[in-house]
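Enquirer: Going by the UniProt record's numbering, the first residue of the sequence shown is number 1, and it counts up by one from there. Idealized CB from N, CA, C, for every residue including glycine. This is the structure, below, for whatever I ask next.
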Amino acid sequence: MLSWDEFDKEDGEATAKSAVVGQAAEATIDRLDSAGGAAALEARAVTASDSAAIIRAKAALDALDVAEGLAELEGASARVAVDEKRMINCRADLNQLVPFKYDWAWQKYLDGCANHWMPQEVNMTADIALWKNPEGLTDDERRIVMRNLGFFSTADSLVANNLALAVYRLITNPECRQYILRQAFEEAIHTHAYQYCIESLGMDEGEIFNMYHEIPSVAKKAAWGLKYTRSISDPQFNTGTVETDKELLRNLIAYYCVLEGIFFYCGFTQILSMGRRNKMTGVAEQFQYILRDESMHLNFGIDVINQIKIENPHLWDAEMKEEATQMILQGTQLEIEYARDTMPRGVLGMNAAMMEDYLKFIANRRLSQIGLKEEYPGTTNPFPWMSEIMDLKKEKNFFETRVIEYQTGGALSWD
Numbered sequence: 001m002l003s004w005d006e007f008d009k010e011d012g013e014a015t016a017k018s019a020v021v022g023q024a025a026e027a028t029i030d031r032l033d034s035a036g037g038a039a040a041l042e043a044r045a046v047t048a049s050d051s052a053a054i055i056r057a058k059a060a061l062d063a064l065d066v067a068e069g070l071a072e073l074e075g076a077s078a079r080v081a082v083d084e085k086r087m088i089n090c091r092a093d094l095n096q097l098v099p100f101k102y103d104w105a106w107q108k109y110l111d112g113c114a115n116h117w118m119p120q121e122v123n124m125t126a127d128i129a130l131w132k133n134p135e136g137l138t139d140d141e142r143r144i145v146m147r148n149l150g151f152f153s154t155a156d157s158l159v160a161n162n163l164a165l166a167v168y169r170l171i172t173n174p175e176c177r178q179y180i181l182r183q184a185f186e187e188a189i190h191t192h193a194y195q196y197c198i199e200s201l202g203m204d205e206g207e208i209f210n211m212y213h214e215i216p217s218v219a220k221k222a223a224w225g226l227k228y229t230r231s232i233s234d235p236q237f238n239t240g241t242v243e244t245d246k247e248l249l250r251n252l253i254a255y256y257c258v259l260e261g262i263f264f265y266c267g268f269t270q271i272l273s274m275g276r277r278n279k280m281t282g283v284a285e286q287f288q289y290i291l292r293d294e295s296m297h298l299n300f301g302i303d304v305i306n307q308i309k310i311e312n313p314h315l316w317d318a319e320m321k322e323e324a325t326q327m328i329l330q331g332t333q334l335e336i337e338y339a340r341d342t343m344p345r346g347v348l349g350m351n352a353a354m355m356e357d358y359l360k361f362i363a364n365r366r367l368s369q370i371g372l373k374e375e376y377p378g379t380t381n382p383f384p385w386m387s388e389i390m391d392l393k394k395e396k397n398f399f400e401t402r403v404i405e406y407q408t409g410g411a412l413s414w415d
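Here it is, written out as structure tokens:
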């Protein structure tokens, strides 16, 4: 019969064996470290076959100060604990991706990668034929297509610049930075998509890309966004004070809640509505994928803003709440004016009044998502099909309901 003494004996033997194995492994690692260090040092030795340039390179490396170099890296040099991670003003090493604190940020990075697409995968043949046909589109429809390509071709560049030159540097969390890099790449894809549409349709590229200078309703939106990136894109700008932290928060609200969360929605709805009527389906398909990307950008930005508020509640005072509310209301007003300019007479199934209702509905969503009071009571969504498009899986093309074979990876060749 077994006794507890025997169990204790077995446990003791197992523990002893484990300790011996662990010591042996440590000794092996120490020997490898020693051998590796010696081998690396030997590789530095000057040989008879070394040229003068190689000798100078090895000599320069002899003077390399490793401690000084690592001191240039952002954050402390110790291993990172989850509780040390913060959205802004973090002192932990920003080059250590794990452990994750914000799992949602990493998941969005993975989802963004899974959603990858490229513009040239979309067939534009039908769009080209329709655009060249004098009877294919009404003047109002042509105006909608051109105005939106003009705005978006610039807007996504502004967003990408803001991410690359300001936001990435100032957000001090590595998993969020990982997604920001993915987002910046997606903004480049979107700009590529607009260029692909403009070139395919044979439009005047100078006219389209310069609309943000020449068309008031487009210029106002661009100017409104640029004023919120001017200070934080200065390389000398740093967070760490109440005012500078608020300046970053203003920028995030401007770019995520307004530029990507309001300014894009009139154009998306107009183009996707045309696609639903089997017009400009190639352009609409690309806008469908862009909308999916932008929806994720928006949700990421909302999460970042709310996390900053949680970690820095002193920033979210009455003054900041009022300022954020005004920013969203100003953005909504600019988008209403843009809707009237792009659609002065309306098109089938849509007019400026309906778009105004939709934009107020969207504005209420943005306000509530960052904890602010809705300012347009009683508004409803006149375009429920927009939600359906956003909820579709990426493989489904809303306009033809067919599965799309993404060829990006398969197009690579080892030759």
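Is it the case that the stretch 333-340 contacts the stretch 122-140, given that we only count it when at least three CB pairs across the two stretches are under 8 Å?
Expert: The answer is no - the stretch 333-340 does not touch the stretch 122-140, with fewer than three Cβ pairs under 8 Å.
Enquirer: Mapping the DSSP letters down to three states, classify Q145 as helix, strand or coil.
Expert: Locating residue 145 in the sequence shown gives position 145, where the first residue counts as 1. Going by the sequence as given, residue 145 is Val instead of Gln. In this structure, V145 counts as helix in the three-state DSSP scheme.
Enquirer: DSSP on V46, reduced to helix/strand/coil?
Expert: If you number the sequence shown from 1, residue 46 lands on position 46. Coil.
Enquirer: Are the stretch 78-85 and the stretch 272-286 touching by the rule of at least three beta carbon pairs closer than 8 Å?
Expert: With a cut-off of 8 Å, the stretch 272-286 and the stretch 78-85 do not count as touching, because too few Cβ pairs lie within range.
Enquirer: Leaving aside the five residues before and after K373 along the sequence, list all residues of the same chain whose C-beta is less than 7 Å from its C-beta, in chain order.
Expert: Locating residue 373 in the sequence shown gives position 373, counting from the first residue. If we look at K373 and ignore the five residues flanking it on each side, its Cβ neighbours are L367.
Enquirer: Determine the direct distance from the alpha carbon of L170 to that of P99, and round the result to whole angstroms.
Expert: Position 99 of the sequence shown holds residue 99. Position 170 of the sequence shown holds residue 170. So the alpha carbons of these two residues sit roughly 20 Å apart.
Enquirer: Got a sec? Which residues, its chain only, sit under 8 Å from T401 by beta carbon, not counting five neighbours each side?
Expert: Residue numbering aside, residue 401 sits at position 401 when the sequence shown is read from its first letter. Only weak support is given to the placement of T401: the predicted model assigns it a pLDDT of 33, under 50, and the question is left unresolved by the model.
Enquirer: According to DSSP, simplified to helix, strand and coil, what is Y80?
Expert: Mapped onto the sequence shown, residue 80 falls at position 80. The sequence given here has Val at residue 80, not Tyr. In this structure, V80 counts as coil in the three-state DSSP scheme.
Enquirer: Look up M343 in the DSSP assignment and say whether it is helix, strand or coil.
Expert: For the purposes of this step, residue 343 is identified with residue 343 of the sequence shown, where counting begins at 1. Three-state result, M343: coil.
Enquirer: Please identify the residue among R91, S273 and I54 whose C-alpha is closest to the C-alpha of I389.
Expert: Against the sequence shown, residue 389 aligns to sequence position 389. Ranking R91, S273 and I54 by Cα distance to I389 puts S273 first.
Enquirer: Counting only the same chain and skipping the five closest in sequence on each side, list residues whose C-beta sits under 6 Å from that of P174.
Expert: By one-based count along the sequence shown, residue 174 stands at place 174. Closer than 6 Å at the Cβ level, and outside the excluded window around P174, lie L94 and L97.
Enquirer: Could you check the C-alpha separation between I253 and A27 for me, to the nearest Å?
Expert: Sequence index remark: in the sequence shown, residue 253 carries index 253 (1-based). Sequence index remark: in the sequence shown, residue 27 carries index 27 (1-based). In a straight line, the C-alpha of I253 is about 54 Å away from that of A27.
Enquirer: For M296, which three-state DSSP category applies?
Expert: Residue numbering aside, residue 296 sits at position 296 when the sequence shown is read from its first letter. Residue state, collapsed to three classes: helix.
Enquirer: What does the alpha-carbon distance come out to for the pair Y406 and E121?
Expert: Here residue 406 refers to the residue found at position 406 when the sequence shown is read from its first residue. Here residue 121 refers to the residue found at position 121 when the sequence shown is read from its first residue. Confidence at Y406 is low in this model, with a pLDDT of 44, below 50, so the placement of that residue should be treated as unreliable; the coordinate-derived value is given next. About 7 Å.
Enquirer: Checking 8 Å against the spacing of the C-beta atoms, do N89 and T229 come in under that value?
Expert: Here residue 89 refers to the residue found at position 89 of the sequence shown. Here residue 229 refers to the residue found at position 229 of the sequence shown. No. Outside cutoff.
Enquirer: In whole angstroms, what is the alpha-carbon distance linking A219 and D317?
Expert: Residue mapping note: residue 219 aligns to position 219 of the sequence shown, counting from 1. Residue mapping note: residue 317 aligns to position 317 of the sequence shown, counting from 1. One C-alpha to the other measures close to 32 Å.
Enquirer: Per the contact definition of three or more C-beta pairs closer than 8 Å, is the stretch 175-186 in contact with the stretch 288-308?
Expert: Touching, yes, given that three or more Cβ pairs across the two stretches are closer than 8 Å.
Enquirer: Output needed for I208: all residues of its chain with C-beta closer than 7 Å, excluding positions within five of it in sequence on either side, in chain order.
Expert: Stepping through the sequence shown from its first residue, residue 208 is reached at position 208. M146, L149, G150, S153 and I198, listed in sequence order.
Enquirer: Between T379 and K360, is the Cβ-Cβ spacing less than 8 Å?
Expert: Locating residue 379 in the sequence shown gives position 379, where the first residue counts as 1. Locating residue 360 in the sequence shown gives position 360, where the first residue counts as 1. Result yes, Cβ atoms of T379 and K360 sit closer than 8 Å.
Enquirer: According to DSSP, is M350 part of a helix, a strand, or is it coil?
Expert: The residue labelled residue 350 in the question sits at position 350 within the sequence shown. Strand at M350.
Enquirer: Quick check: the Cα distance between F268 and N381, rounded to an integer number of angstroms?
Expert: Locating residue 268 in the sequence shown gives position 268, where the first residue counts as 1. Locating residue 381 in the sequence shown gives position 381, where the first residue counts as 1. F268 and N381: Cα-Cα distance of roughly 15 Å.
Enquirer: Buried or exposed: H213, going by 16 or more other Cβ atoms within 10 Å of its Cβ?
Expert: The residue labelled residue 213 in the question sits at position 213 within the sequence shown. Classification of H213: exposed, given that the 10 Å Cβ count is below 16.
Enquirer: Thinking C-beta only, is C266 closer than 8 Å to Y376?
Expert: Numbered from 1 along the sequence shown, position 376 holds the residue referred to as residue 376. Numbered from 1 along the sequence shown, position 266 holds the residue referred to as residue 266. Against a cut-off of 8 Å, the Cβ pair of C266 and Y376 comes out as no contact.
Enquirer: Less than 8 Å between the CB atoms is what I'm expecting for S231 and E247, so what's the real figure, rounded?
Expert: Counting from one through the sequence shown, the residue named residue 231 turns up at place 231. Counting from one through the sequence shown, the residue named residue 247 turns up at place 247. About 6 Å; that satisfies the 8 Å criterion.
Enquirer: Expressed to the nearest angstrom, what Euclidean distance is found between the alpha-carbon atoms of D415 and R340?
Expert: As a working note, residue 415 is residue 415 in the sequence shown. As a working note, residue 340 is residue 340 in the sequence shown. At D415 the pLDDT is 41, less than 50, meaning the model places this residue with poor confidence; the figure from the coordinates comes in the next sentence. Roughly 53 Å between the two C-alpha positions.
Enquirer: Among S233, M354, G206 and M296, which has the Cα closest to the Cα of F383?
Expert: For this step, residue 383 is matched to residue 383 along the sequence shown. Comparing Cα-Cα distances from F383 to each of S233, M354, G206 and M296, the minimum goes to M354.
Enquirer: Indicate the three-state DSSP secondary structure (helix, strand or coil) for T28 in the structure shown.
Expert: The residue given as residue 28 occupies position 28 in the sequence shown. Residue state, collapsed to three classes: helix.
Enquirer: With distance defined between alpha-carbon atoms, name the residue in M211, P235, Y256 and D293 nearest to L225.
Expert: As a first step, residue 225 is located in the sequence shown; it is residue number 225 there, counting from the start. The sequence as given places Gly at residue 225; Leu does not occur at that position. Cα-wise, what sits closest to G225 is Y256.
Enquirer: Look up F268 in the DSSP assignment and say whether it is helix, strand or coil.
Expert: Stepping through the sequence shown from its first residue, residue 268 is reached at position 268. DSSP places F268 in helix when its eight states are reduced to three.
Enquirer: Taking 8 Å as the cut-off, decide whether the C-beta atoms of P119 and Y168 are in contact.
Expert: What you label residue 119 is simply residue 119 of the sequence shown in a count that begins at 1. What you label residue 168 is simply residue 168 of the sequence shown in a count that begins at 1. No, Cβ-Cβ distance for P119 and Y168 is not below 8 Å.
Enquirer: Just how far apart, CA to CA, sit Q270 and K101?
Expert: Your numbering for residue 270 matches position 270 in the sequence shown. Your numbering for residue 101 matches position 101 in the sequence shown. Cα-Cα distance, rounded: 39 Å.
Enquirer: Confirm, please, whether the CB-CB distance from W385 to R276 is below 8 Å.
Expert: By 1-based counting over the sequence shown, the position of residue 276 is 276. By 1-based counting over the sequence shown, the position of residue 385 is 385. For R276 and W385, yes; Cβs fall inside 8 Å.
Enquirer: In the structure shown, what three-state DSSP assignment does W117 receive?
Expert: Here residue 117 refers to the residue found at position 117 of the sequence shown. Note: W117 maps to coil in three-state DSSP.
Enquirer: Could you give the C-beta distance for I328 and L249, rounded to a whole number, given that I count them as a contact under 8 Å?
Expert: For the purposes of this step, residue 328 is identified with residue 328 of the sequence shown, where counting begins at 1. For the purposes of this step, residue 249 is identified with residue 249 of the sequence shown, where counting begins at 1. With a Cβ gap of about 13 Å, I328 and L249 do not count as contacting.
Enquirer: Can you give the beta carbon distance from L163 to A184, rounded, assuming they're within the 8 Å contact cut?
Expert: Indexing the sequence shown from 1 puts residue 163 at position 163. Indexing the sequence shown from 1 puts residue 184 at position 184. The Cβ separation is near 5 Å, so the contact holds.
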